[in-house]
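Residue numbers for the sequence shown follow my numbering, so the first one is 3 and each next one is one higher.
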Amino acid sequence: TIAAGSATATIQVGGNTYTDILNYEIVENIPYTLELTLLGPDGQPTTTLAKNTQGTVQAKVTSTDGSNTPVVGVVVNTSSTIGSLVPNGPALSDSNGVATYTIAAGSAIAAGTLTANVQIDGDTFADTLNFEVVNAVLYSLELTLLGPDGQPTTTLAKNTQGTLQAKVTTTDGNNTPAVGVLVSASS
3 TIAAGSATAT
13 IQVGGNTYTD
23 ILNYEIVENI
33 PYTLELTLLG
43 PDGQPTTTLA
53 KNTQGTVQAK
63 VTSTDGSNTP
73 VVGVVVNTSS
83 TIGSLVPNGP
93 ALSDSNGVAT
103 YTIAAGSAIA
113 AGTLTANVQI
123 DGDTFADTLN
133 FEVVNAVLYS
143 LELTLLGPDG
153 QPTTTLAKNT
163 QGTLQAKVTT
173 TDGNNTPAVG
183 VLVSASS
């Protein structure tokens, strides 16, 4: 390690403050990277899970030789300070270089940290991801354009009308339709 440091960012949205800290180090050469991603019940990247829901944790290992080649068959160790992970222990990276875990958020409203590490050729590579479990129902919005024939499309002929359909569901894992939600659209 040549040097080490940290970067902090804070935002305020709707009266809530969100902070993230990134620890880093400067080294001569990094032959591999490990990147953590948290996916919500809707399969989209997130840093927030609603209580009593499940998400997916992906730990991706790639070569940094310029090819970004996935590293297959390495043991990835992942842990979380809140919720519970399945498997509860190491997992192997697949053909895409990804070790996959399910995380159950649990009922505690709190912030936590996902941590993953992998050893390759005697070196350890690690990543962390901060996330929070909130006491809220989170929603997903899906827009679909219907052509004059009522079929989904992304193209309309000149001087024809289509219908924009907005589907709002909860991201509780059941994709329950949300009733009474105001949707504003513009074009």
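Glycine included, each C-beta is placed from N, C-alpha and C at the ideal position.
Judged by DSSP secondary structure, Leu-41 falls within the beta strand (DSSP E) whose first and last residues are 34-41. Between Ala-11 and Leu-38, the C-beta gap is not smaller than 7 Å, which leaves the two residues out of contact. For the options Ala-113, Gly-75, Gly-114, Thr-80, the alpha carbon positioned closest to that of Asp-96 is the one of Gly-75. Just measuring C-alpha positions, the residue of Ala-187, Ala-5, Ser-65 sitting nearest Glu-27 is Ala-5.
In the three-state reduction of the DSSP assignment, Ala-118 falls in the strand class.
In this structure the segment 13-26 does not lie against the segment 63-74, because fewer than three pairs of beta carbons, one per stretch, are closer than 8 Å. For Ala-159, there is no enclosing beta strand (DSSP E), as DSSP gives it neither H nor E.
A direct Cα-to-Cα measurement between Glu-144 and Gly-124 gives close to 46 Å.
Residue burial annotation: Val-59 is buried, with at least 16 other C-beta atoms found within 10 angstroms of its C-beta.
Take Gln-56, set aside five residues on each side of it, and the residues of its chain with a beta-carbon closer than 8 Å to its own are Pro-43, Thr-104, Ile-105, Ala-106, Ala-107, Gly-175, in chain order. Here the C-alpha atom of Leu-116 lies approximately 11 Å from the C-alpha atom of Asn-79. Rounded to whole angstroms, the separation of the alpha carbons of Thr-172 and Asn-119 is 33 Å.
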